[in-house]
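**Q**
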Amino acid sequence: MSAIAPRSLVVVSAGLSQPSTTRLLADRLSVAVDQHLRDAGIEPHLEVIELRDHAPDLTNHLLTGFPSPRLKAAIDAVIAADGLIAVTPIFSASYSGLFKLFFDLVERDGLAGKPVLIAATGGTVRHSLALEHALRPLFAYLNAAVVATGVYAATEDWGSGGAADGSLVQRIDRAARELSASMAARESFAPTDPFADPVPFDQLFRPS
Amino acid sequence: MQFGVFSIGDVTTDPTTGRAPSEAERIQAMVTIALKAEEVGLDVFATGEHHNPPFVPSSPTTMLGFIAARTERLILSTATTLITTNDPVKIAEDYAMLQHLAGGRVDLMLGRGNTGPVYPWFGQDIRNGIPLAYENYALLHRLWREDVVDWEGKYRTPLTGFTSTPRPLDGVPPFVWHGSIRSPEIAEQAAYYGEGFFHNNIFWPKDHVQRMVELYRRRFDHYGHGPADQAIVGLGGQVFMRTKSQDAVREFRPYFDHAPVYGGGPSLEEYMAQTPLTVGSPQQVIDRTLTFREIVGDYQRQLFLLDHAGLPLETVLEQLDILGELIVPVLRREFAANRPANVPEAPLHPRVQAAQAARAAKTVAG
Numbered sequence: 001m002s003a004i005a006p007r008s009l010v011v012v013s014a015g016l017s018q019p020s021t022t023r024l025l026a027d028r029l030s031v032a033v034d035q036h037l038r039d040a041g042i043e044p045h046l047e048v049i050e051l052r053d054h055a056p057d058l059t060n061h062l063l064t065g066f067p068s069p070r071l072k073a074a075i076d077a078v079i080a081a082d083g084l085i086a087v088t089p090i091f092s093a094s095y096s097g098l099f100k101l102f103f104d105l106v107e108r109d110g111l112a113g114k115p116v117l118i119a120a121t122g123g124t125v126r127h128s129l130a131l132e133h134a135l136r137p138l139f140a141y142l143n144a145a146v147v148a149t150g151v152y153a154a155t156e157d158w159g160s161g162g163a164a165d166g167s168l169v170q171r172i173d174r175a176a177r178e179l180s181a182s183m184a185a186r187e188s189f190a191p192t193d194p195f196a197d198p199v200p201f202d203q204l205f206r207p208s
Numbered sequence: 209m210q211f212g213v214f215s216i217g218d219v220t221t222d223p224t225t226g227r228a229p230s231e232a233e234r235i236q237a238m239v240t241i242a243l244k245a246e247e248v249g250l251d252v253f254a255t256g257e258h259h260n261p262p263f264v265p266s267s268p269t270t271m272l273g274f275i276a277a278r279t280e281r282l283i284l285s286t287a288t289t290l291i292t293t294n295d296p297v298k299i300a301e302d303y304a305m306l307q308h309l310a311g312g313r314v315d316l317m318l319g320r321g322n323t324g325p326v327y328p329w330f331g332q333d334i335r336n337g338i339p340l341a342y343e344n345y346a347l348l349h350r351l352w353r354e355d356v357v358d359w360e361g362k363y364r365t366p367l368t369g370f371t372s373t374p375r376p377l378d379g380v381p382p383f384v385w386h387g388s389i390r391s392p393e394i395a396e397q398a399a400y401y402g403e404g405f406f407h408n409n410i411f412w413p414k415d416h417v418q419r420m421v422e423l424y425r426r427r428f429d430h431y432g433h434g435p436a437d438q439a440i441v442g443l444g445g446q447v448f449m450r451t452k453s454q455d456a457v458r459e460f461r462p463y464f465d466h467a468p469v470y471g472g473g474p475s476l477e478e479y480m481a482q483t484p485l486t487v488g489s490p491q492q493v494i495d496r497t498l499t500f501r502e503i504v505g506d507y508q509r510q511l512f513l514l515d516h517a518g519l520p521l522e523t524v525l526e527q528l529d530i531l532g533e534l535i536v537p538v539l540r541r542e543f544a545a546n547r548p549a550n551v552p553e554a555p556l557h558p559r560v561q562a563a564q565a566a567r568a569a570k571t572v573a574g
């Protein structure tokens, strides 16, 4: 089993309060994905990015055009990840501004083909379709491979137990299984480095 | 090594007085800055090219021709000439003409521009930025080297039996710097032709600058133009100086806080830590600039941005005095020390080189 290449799993959490329900959901998802990968004989490398820690740097990047070293490390981790769990609170019928700001600053092709699990938290279940009408189109635009199950957790879900059909615990497990299967099915990912391997001039242009 | 200044030519309100210069004042200020650059012993003045307010320099060779007539030694350059949206035939003609009028004191830096609508205003598509830079330069390169050119490309009407006039002065085309902040394709292009690569690093952290220049040097070697340390590298820089560093910070802060490019973003201190911006004493500017060599290796051209963000002309001229008197002489000495003998200077037109040699001989004789 040790012959299978390890996979990097990055979690982006846009929760604001501490402790945050969004982070709580993110942690449950990452533990579940971690377990499914291990069951498949794959060693996961987990990294959690709390967007709150990068809030001023995200604004600065937007204004100056370049990331701080710390933010750059976070963005590079997302681009290099074999799988991504993206979790946001739902504000005003969509992802939070902080969440969108981060993904606005990941370069256009940075998520192409990447297995992504989308998840969100909110006060009531009435906002659950924001996953489908806001997050899924965003990641579809970025050409990410979003798994079929998105996980929405309303406040009431945290007191509903795990036995019932379609409970939060079961939804987490289903989504985690889909993400880990998607990660396992894909070769371990190494982003191309345009500086290490530049496209030669004559492939970019043939003088007449 | 060459030292100089480059100007974006922005008309920006001085945040401390609420006053913006008129276009007429700004254009004259750019000329005054260029003349002052020669007076204080700098080597290069470079103007930007823009086609939208609040910028004035839409016609670089007109301005540089005027400056050429009023200077003797200054090398006239651009930062940058838009290789994407200008007709390469017109660039070939305009800069060859300027070269004749300026006695060879001309080079230019090519860039793609940073204002999206300029592309459609000039009949081009911004999605073709890199292909335009490649094709237009391939044509420009030939127009300066072949007397009669037959050409067919994607982006302009074909040429059959075309001769670009005037021919470059003494048959030597102006030296070209390829400028790009973020595109490895342009570093690759500079390396392919064996020409200069300029990184306007003033808005970027040093590890990025390092990677771009390292790529250019490696590929320069790959294309057989010589070892990597003989590639021709230029860098930007951004400084504000007063005798006491606290005075520099106090005076510059309102300009930083309201500058169109970084106002409302990181603090002055954060920005100084992450980019080459240096606001402080002359010694701090010297120390910081000398570190650039550690980042990119021994290089050939250092241009400073001094006149932006609404700084008044008198202040910019004071900055030029400090640069010429206290900074550049020390940088020349320090950069020359430990510089390997095989590291070349930036190419000059033979006439300019001859004039420089004559001046040096006169200085020694006198």
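Read top to bottom, the protein sequences are chains A and B. Quick note: the first sequence uses our numbering, first residue 1, plus one each step. Quick note: the second sequence uses our numbering, first residue 209, plus one each step. We treat Cβ as the ideally placed atom computed from N, Cα and C, and that holds for glycine.
1. Rounded to the nearest angstrom, what separates B:Gly256 and B:Ala287 at their Cα positions?
2. Output needed in chain order: residues of the stretch 410-439 of chain B with a Cβ under 9 Å from some Cβ in chain A.
3. So what's B:Arg427 in DSSP terms, helix, strand or just coil?
4. What separation, rounded to the nearest whole angstrom, lies between the Cα atoms of A:Ala26 and A:Leu131?
5. Contact defined as beta carbons within less than 8 Å: I believe A:Ile90 pairs with A:Ala120. What is the distance between those atoms, to the nearest angstrom?
6. Name the chain B residues that come within less than 9 Å of A:Ser68, Cβ to Cβ?
7. If we call anything under 8 Å between Cβ atoms a contact, is A:Leu16 one with A:Leu62?
8. Rank B:Leu519, B:Gln564, B:Glu522, B:Asp495 by C-alpha distance to the C-alpha of B:Ile535 and give the top, closest one.
9. Could you name the residues of chain A that B:Tyr470 contacts, counting a contact when the two beta carbons are closer than 8 Å?
10. Please report the Cβ distance between A:Leu29 and A:Val151, rounded to the nearest whole angstrom; I am assuming they are in contact, meaning their Cβ atoms lie under 8 Å.
11. Which of helix, strand or coil does DSSP assign to B:His386?
12. Identify, in the order they occur along the chain, each residue of the same chain with its Cβ nearer than 6 Å to the Cβ of B:Phe460, setting aside the five sequence neighbours on each side.
13. Report yes or no: do three or more beta-carbon pairs, one from the stretch 193-207 of chain A and one from the stretch 93-101 of chain A, lie closer than 8 Å?
14. Going along the stretch 389-410 of chain B in order, which residues come within less than 7 Å of chain A, judged by CB to CB distance?
15. Determine the direct distance from the alpha carbon of B:Gly273 to that of B:Asp302, and round the result to whole angstroms.
16. With a threshold of 7 Å on Cβ separation, who are the neighbours of B:Arg281 within its own chain once the five nearest residues in sequence on each side are excluded?
17. For A:Ser20 and A:Ser13, I'd like the C-alpha separation in whole angstroms.
18. Taking the C-alpha atoms as reference points, what is the distance between B:Val560 and B:Ala276?
19. Among residues of its own chain, excluding the 5 on either side of A:Ala190, which ones have a beta-carbon nearer than 8 Å to its beta-carbon?
20. Identify the contact partners of A:Thr59 in chain B, using a Cβ-Cβ distance below 8 Å as the criterion.
21. With DSSP run on the structure shown, which of helix, strand or coil describes B:Leu485?
22. Quick one: residues in its chain with C-beta nearer than 8 Å to the C-beta of A:Leu138, no 5 flanking neighbours on either side, listed in chain order?
23. Apart from the five residues just before and just after B:Ala341, which ones in its own chain have a Cβ nearer than 6 Å to its Cβ?
24. Measuring only the C-alpha atoms, how far is B:Tyr479 from A:Asp157?
25. Let me know the secondary structure DSSP gives B:Thr365 once reduced to three states.
26. Beta carbons nearer than 7 Å to chain B: which residues of the stretch 182-198 of chain A have them?
27. Would B:Glu354 pass as an interface residue toward chain A - the criterion being a Cβ-Cβ separation below 8 Å?
28. For A:Ala86, write down the residues that DSSP places opposite it in a beta bridge.
29. Based on the DSSP output, what are the partners of B:Leu476 in its beta bridges?
30. Can you find the residues in the same chain that come closer than 8 Å, C-beta to C-beta, to A:Asp34, ignoring five residues on each side of it along the sequence?
31. If I follow the unbroken beta strand (DSSP E) through B:Leu316, where does it start and stop?
32. Should the stretch 236-252 of chain B be regarded as contacting the stretch 520-527 of chain B, the criterion being three or more beta carbon pairs within less than 8 Å?
33. Between B:Pro413 and B:Thr483, which are expected to be in contact by the criterion C-beta below 8 Å, what is the C-beta distance as a whole number of angstroms?
34. Just to confirm my understanding: we take B:Phe211, look at its own chain, exclude 5 residues before and 5 after, and list those with CB closer than 6 Å. What are they?
35. Here's the rule I'm using: 16 or more other beta-carbon atoms within 10 Å means buried, otherwise exposed. How should B:Pro172 be labelled?
36. Quick one: using the 10 Å Cβ neighbour count with 16 as the cut-off for buried, is A:His36 buried or exposed?
**A** By the coordinates alone:
1. 5 Å
2. Phe411, Trp412, Pro413, Asp415, His416, Arg419, Met420, Glu422, Leu423, Arg426, Arg427, His430, Tyr431
3. helix
4. Each residue's Cα considered, the two are about 15 Å apart.
5. 5 Å
6. Pro413, Pro474, Glu478, Gln482
7. no
8. Looking at the Cα atoms, B:Asp495 is the closest of the given residues.
9. Leu63, Thr64
10. 7 Å
11. The answer is strand: DSSP assigns B:His386 an E or B state.
12. These residues qualify, in order along the chain: Phe448, Val487.
13. no
14. Pro392, Glu393, Glu396, Gln397, Tyr400
15. 10 Å
16. Taken in chain order, the residues that qualify are Glu246.
17. Going from the Cα of A:Ser20 to the Cα of A:Ser13 covers about 9 Å.
18. 13 Å
19. Ala80
20. Gly473
21. coil
22. Hits under 8 Å: Tyr95, Lys100, Phe103.
23. Ile291, Thr292, Arg320
24. B:Tyr479 and A:Asp157: Cα-Cα distance of roughly 45 Å.
25. In the structure shown, B:Thr365 sits in coil (DSSP, three-state: anything other than H, G, I, E or B).
26. Pro194, Phe195, Pro198
27. No - not a single Cβ of chain A is within 8 Å of the one on B:Glu354.
28. Residue pairing by DSSP places A:Ala86 opposite A:Val12, A:Ile118 in a beta bridge.
29. Paired residue(s): none; B:Leu476 is not in a bridge.
30. Leu9, Pro44, Leu46
31. 315-319 is the span of the beta strand (DSSP E), which, as asked, contains B:Leu316.
32. Verdict: yes, contact present.
33. 6 Å
34. Leu250, Asp251, Gln510, Val536
35. Any answer about residue 172 of chain B is impossible in this case: the structure gives chain B only from 209 up to 574.
36. Buried is the call here.
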